[in-house]
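My numbering numbers the first residue of the sequence shown as 2 and each following residue consecutively. Cβ atoms here follow ideal geometry from the backbone N, Cα and C, with glycine treated the same way. Each remark here refers to the structure printed beneath this line.
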Amino acid sequence: MTTMVTVRFATDEDAATVGALLHDFNTEFESPTPGAAFFGERFAELLRRDDVLVVLAEDAGKAVAFAFLTLRPTPYYRGPLAQLEELYVRPAVRDEGIGTRVLTAAIDEVRRRGAGEMHINVDEIDHDTRRFYERHGFVNIEPGEDYRMLCYLREL
């Protein structure tokens, strides 16, 4: 049970903390991870950028959740398009509204920065996560009823 959860925007001083959260997220869901130290180094760079936003939730000073967003130009809006890259809440504090608080802070900030849209990619089989985002006003925009849009990747 949470005591006093605070939600704030991360700075480059929080890089190691955010890196550890992302590593734990990947480990929990059995995704490849280069390790917390590598992620910490990357976030030390990323958190200095104007087109990157990280929301951090802390319970009694201990990091329990984060959201990582990027902003990019788009011809469809005068402001940027926001992409929610990651949102993670530690298992011990799930279902306590922390994810909602983190997501709300992220939405409010990207809206303040002029974003016209926020995109999120969710695995089709992840029904709990899909319900979470739908509950917060997100809609699935699959382009057709008889096919799915595929996401291709090429490592460079």
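Check your understanding: Mind checking T28: buried by the 16 CB within 10 Å criterion, or exposed?
Key -> exposed
Check your understanding: Whole-angstrom Cβ separation of A68 and L104, contact assumed at under 8 Å?
Key -> Right, the Cβ-Cβ distance comes to about 6 Å (below 8 Å), so this counts as a contact.
Check your understanding: Under three-state DSSP, which class holds T18?
Key -> Assignment of T18 by DSSP, reduced to helix, strand and coil, places it in the helix class.
**Study point:** With 16 other Cβ atoms within 10 Å as the buried cut-off, status of T18
**Key:** buried
Point to revise | Among V140, D51, H24, the one whose alpha carbon lies nearest that of I121 | key: V140
Check your understanding: What do you get for M5, buried or exposed, if any count of 16 or more other CB atoms within 10 angstroms of its CB means buried?
Key -> exposed
Practice item. Check the DSSP bridge columns for Y89 and list the partner residues they point to. Key: F67.
Practice item. Identify which residue in D109, T101, V55 has its Cα closest to the Cα of E229. Key: Residue numbering for the chain in the displayed model covers 2 to 157; residue 229 lies beyond these limits and cannot be assessed.
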